[in-house]
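Take any residue in the sequence shown, count from 1 to its spot, add 5: that is its number in the numbering used here.
The next block holds one structure in the form of structure tokens; read it before the comments.
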Amino acid sequence: MINIGLLGFGTVGAGVYSIFEERKDYLELILQEDINIKKILVKNTNKDRKVKVNPNLLTINEDDIFLDEEIGIIIEVTPSAEDAYRYAKKALQYNKHFITSNKALVSAYYEELSTLFEQKDLKFLYEASVGGAIPIIREMKEQIKLNEIVNIRAILNGTTNYILTNIYEKNISFYEALTKAQDLGYAEQNPSDDIDGIDSMRKIRILSTLGFGTSIIEDDILVNGIGNVSSYDIETLKQKGLKVKLIASANVLNGRYEVSVLPTAISAKNLFYNIDYRKNIVSFTGDKVGELSFIGEGAGMYETANSVLSDLIEAISNEDYSSPLRARGFQNGISGLKGSFYIRISNKMIDIPGDYIKEVISEENPFVIITNEIGILDIMDNLSEIGKEDYSIIKIDE
Ligand SMILES: NC(=O)c1ccc[n+]([C@@H]2O[C@H](COP(=O)([O-])OP(=O)(O)OC[C@H]3O[C@@H](n4cnc5c(N)ncnc54)[C@H](OP(=O)(O)O)[C@@H]3O)[C@@H](O)[C@H]2O)c1
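Okay, structure coming up:
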């Protein structure tokens, strides 16, 4: 009998439980094991829950799970990275495999946890931490066996994609689009991790560290969210046949990597152009396999739980396990990132060097230009003279 301890019974946890109950017989058949969710850790055992569960399974005492020697697998689907880190360390201490959907945890402690679990011959699995339903971690692990991954491009945050699509399609303000997303439960009440690009940054950090085989930490990544992108910007670029997306991008060449999360304007010939509303996409290029692209729901109860349970199947399958991470010591080359940019400044409060300017869209109030190919850090340096709320910058990547 394989016993599982489930930490969390919110959106993802309840989804895991429902799918597990529905598919249990078939899973037991193909895995040739009896499987059981033995205990579920929650914050409040008296809460009214949409997915009904035997109240005897619920506990607020984590030791009911960690000290139970019959439980061999932990599924962690709780919100806080710090609590989840403590649970991961306890799983190690008590020799339990660990499956998580918590991208904040994986991003903050990726190398450390991968190494520690490997040393104890335990599995550390995190498919649901990137791209919701999209089976991208498994595919990346498969392709790095034969390929050097040279680039990754992705839309990894459904909330920001939903907001940008709504502004584009319905010509509403950023505030209206955000409020709509919150009313529908697609954005958190405090949406800053999504809007500021932090959520996308964590996911591209995980993907690029795995794909490139070198440690790319959060601080290495250039992040600019969509907080300053206005409906004016989206409409102006729409007139030019371009649509704005929050794109996470990672390239490696000659041992130097550039990883960024930037609002990016793309044309209809770009594969990402029709990835609208809450959809996510991940494309990566391997030197043998070429470009592979994966599209799916980036979040959601069953979609995310499906990825968690695919990890459960992997944990139970008796494959030998070693961490897929490598430490090749590549260098951060973000200072070399160049591109053409759309820049809007509320008033023309700074001087932009003439040779930066390819096209002036509006002379004043606001001052709007498209630049020639320039270094992003150079232009960010210029813009740092004015307040963040007074400008927007969007990469143009047709
Ligand atoms: N929602 C998605 O679509 C999605 C997609 C990808 C990844 N994720 C990640 O999956 C994780 C879970 O997300 P969610 O949306 O399911 O969250 P959620 O709906 O807020 O549910 C969190 C669950 O964890 C319990 N909990 C809260 N703090 C806890 C703690 N310190 N220790 C133990 N249990 C605790 C809560 O207990 P009570 O029920 O008693 O309040 C609740 O059952 C997060 O890390 C999130 O980033 C979510």
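Virtual Cβ for every residue (Gly too), placed ideally from N, Cα, C.
These figures come from a predicted structure and were not determined experimentally.
Exposed or buried, which one is residue i when buried takes at least 16 other CB atoms within 10 Å?
i	result
isoleucine 154	buried
proline 60	exposed
tyrosine 167	buried
proline 371	buried
threonine 120	exposed
tyrosine 92	buried
valine 373	buried
leucine 63	buried
isoleucine 79	buried
aspartate 292	exposed
tyrosine 131	buried
asparagine 49	exposed
arginine 158	buried
serine 236	buried
asparagine 323	exposed
Between residue i and ligand 1, is there a pair consisting of the residue's CB and a ligand heavy atom that are separated by less than 8 Å?
i	result
glycine 18	yes
serine 85	yes
methionine 306	yes
phenylalanine 71	no
leucine 110	yes
lysine 52	yes
serine 106	yes
glycine 13	yes
threonine 309	yes
valine 47	yes
valine 58	no
aspartate 356	no
valine 82	yes
serine 134	yes
aspartate 30	no
glutamate 67	yes
Using three-state DSSP, classify residue i as helix, strand or coil.
i	result
serine 205	helix
valine 257	strand
glycine 301	strand
glutamine 410	Shown here, the chain extends from 6 to 403; a query on residue 410 therefore has no answer.
glutamate 74	coil
threonine 1	Here the chain covers residues 6 to 403 and nothing more, so residue 1 does not appear.
alanine 332	coil
glycine 20	helix
tyrosine 278	helix
alanine 133	helix
serine 220	coil
lysine 284	strand
phenylalanine 25	helix
serine 60	Per the sequence presented here, residue 60 reads as proline, with serine not at that position. If DSSP states are grouped into helix, strand and coil, proline 60 belongs with the helices.
glutamate 394	helix
isoleucine 355	coil
glutamate 33	helix
Name the residue from the options whose alpha carbon lies nearest to the alpha carbon of residue i.
i	options	result
isoleucine 379	Phe372, Glu368, Lys363	Lys363
asparagine 259	Thr219, Leu227, Val373	Thr219
tyrosine 262	Ser272, Gly334, Lys250	Gly334
threonine 376	Ile384, Asn370, Leu314	Ile384
leucine 242	Ile348, Glu74, Glu144, Asp360	Ile348
alanine 19	Leu34, Lys44, Asp39	Lys44
alanine 273	Val264, Lys245, Ser298	Lys245
glycine 163	Asn8, Glu193, Gln148, Asn156	Glu193
isoleucine 149	Asn337, Asp198, Ala182, Leu215	Leu215
serine 23	Lys57, Tyr282, Glu368, Leu36	Lys57
lysine 250	Val257, Val266, Asn256	Val266
alanine 270	Thr170, Gln187, Ile157, Asp316	Thr170
lysine 52	Leu36, Phe14, Gln37, Leu118	Phe14
glutamate 67	Leu11, Gln187, Phe289	Leu11
valine 135	Asn152, Phe122, Arg210	Arg210
How about residue i: is its C-beta nearer than 9 Å to some C-beta of chain D?
i	result
phenylalanine 217	In the structure shown, chain D cannot be found, because there is only a single protein chain.
Since residue i is in the beta strand (DSSP E), which residue starts that stretch and which ends it?
i	result
isoleucine 168	Isoleucine 168 -> not in any beta strand (DSSP E); alpha helix (DSSP H) instead, spanning 163-175.
threonine 376	372-376
leucine 97	Note, leucine 97: premise wrong, no beta strand (DSSP E); alpha helix (DSSP H) at 86-98.
tyrosine 347	343-350
asparagine 41	40-46
lysine 363	362-367
Which residues bound the alpha helix (DSSP H) around residue i?
i	result
serine 119	108-124
isoleucine 321	306-321
alanine 186	179-188
leucine 388	381-388
arginine 143	141-148
leucine 242	236-244
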